[in-house]
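Chains as they are written, first to last, in this note's numbering: chain A, 1 to 154; chain B, 155 to 308. For each residue, glycine too, the CB sits at the ideal point set by N, CA and C.
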């Protein structure tokens, strides 16, 4: 199987925007579960990069490139899980009311994250370790910035 | 932000193989949580396609292309979560012992899934509704085939 060829399809397919689930009426509890799943996987693939930027994990250029690319896909997945229907989900979750009361600010936080991931993807191909570590720090800052305002303190 | 440009990076970055988490010693419970998160999101993006193939959801070519592309990325994410360390995880999960006692068969089931997703990605760009629905059915078969042998009955 030619993985390069297949993944090139992602670029084409997703050029138009974010993905759609086609189901308008997903249960609030499922929306929460799905968005938490996306955050869990963002953590899976960002965690090692943060470790590298902090000098706690040995630097590995291939891992930076791969994980950055997967983060690019994952960064598109959580947001429709914050649909208004999810506001009163009966399952435990850490979303603060500001997610729904300050939609423009929440959107801005998402945009900041996307831009930071984009910057990381861009430098992840070049092999410049210092630039990559700086970009990883930039992504971490946007994660934290969004969590600061829109997620309950853990 | 140019989404096409960014996602083209995924093709380049992932050409070499599956992603690495760089941490060799992730806790078994975290491995389970991460692999379940990947399955949850596969369900999120495959569900609507299955609905289309079954005529329960209106066909939408753009959704097929987008979700197929995201499934291509997601299809890479669960497998390292079945690392031997996860075998005795103390959290509820549905993995059957065959995951670890029949590794070659489990690998084959993964390969079947990848091939089916690849076939779906390939036709998802062409706009041939019948071919897309057939390919969606092919993916569903490989999901079910793996669950049949390697996941407890739900």
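For residue 305/B, which three-state DSSP category applies?
-> strand
If you count every other CB in all the chains shown that lies within 10 Å of the CB of residue 245/B, and 16 or more means buried, which is it?
-> exposed
For residue 23/A, which of helix, strand or coil comes out of DSSP?
-> Residue placement at residue 23/A is poorly supported in this model, since its pLDDT is 49, which falls under 50; the coordinates still yield a value, given next. In this structure, residue 23/A counts as coil in the three-state DSSP scheme.
So residue 117/A packs on residue 139/A, CB below 8 Å; how close in whole Å?
-> 6 Å
On the three-pair Cβ rule with 8 Å, is the region 33-40 of chain A touching the region 64-83 of chain A?
-> yes
Buried/exposed call for residue 25/A, threshold 16 Cβ in 10 Å = exposed
Apply the 10 Å Cβ neighbour rule to residue 107/A and answer buried if 16 or more other Cβ atoms are within range, or exposed otherwise.
-> exposed
Residue 249/B - DSSP class collapsed to helix/strand/coil = strand
With a cut-off of 9 Å, does the C-beta of residue 192/B fall near any C-beta of chain A?
-> yes
For residue 97/A, count neighbouring C-beta atoms within 10 Å of its own C-beta (all shown protein chains included) and say buried if the count is 16 or more, exposed if not.
-> exposed
Neighbourhood of residue 15/A by C-beta, 6 Å cutoff - its chain only, sequence neighbours within 5 removed = Any reading at residue 15/A must be qualified, since the residue scores a pLDDT of 43, below 50, and its modelled position is unreliable; no value is offered.
Of the residues that make up the region 223-236 of chain B, which ones have a beta carbon closer than 8 Å to any beta carbon in chain A?
-> 223, 224, 226, 227, 228, 230 and 231
Residue 29/A: first and last residue of the uninterrupted alpha helix (DSSP H) it sits in = 28-53
Mind checking if residue 177/B is an interface residue toward chain A, Cβ cutoff 9 Å exclusive?
-> With a pLDDT of 49 at residue 177/B, under the threshold of 50, the predicted position of this residue should be treated as unreliable, though the coordinate-derived value follows. Chain A contact via Cβ: present.
Within its chain, find whatever has a CB closer than 7 Å to the CB of residue 123/A; leave out the 5 residues flanking it on each side and keep chain order.
-> 131, 132 and 135
Any residues in the region 28-59 of chain A with a beta carbon nearer than 9 Å to a beta carbon of chain B? Which ones, in chain order?
-> 30, 33, 34, 36, 37, 38, 39, 40, 41, 43, 44, 45, 47, 48, 49, 51, 52, 57 and 58
Just the Cα atoms here: how many angstroms apart are residue 237/B and residue 51/A?
-> 21 Å
Residue 299/B to residue 203/B span [Cα, whole Å] | 18 Å
Going by the beta-carbon positions, is the gap between residue 94/A and residue 86/A smaller than 9 Å?
-> no
Find the nearest neighbour of residue 199/B within the set 105/A, 81/A and 57/A, judged by alpha-carbon distance.
-> 81/A
Give me the Cα-Cα distance between residue 59/A and residue 53/A, rounded to the nearest whole angstrom.
-> 8 Å
Would you kindly work out how many angstroms separate the C-alpha atoms of residue 125/A and residue 70/A, rounded to a whole number?
-> 13 Å
Does the beta-carbon of residue 196/B have 16 or more other beta-carbons within 10 angstroms, so that it is buried, or is it exposed?
-> buried
How big is the Cα-Cα spacing for residue 114/A and residue 153/A?
-> 23 Å
Whole angstroms is fine: what's the gap from residue 303/B's alpha carbon to residue 266/B's?
-> 13 Å
Sorted by chain position, which residues of the same chain lie with C-beta nearer than 7 Å to residue 305/B's C-beta, five sequence neighbours on each side aside?
-> 248, 249 and 250
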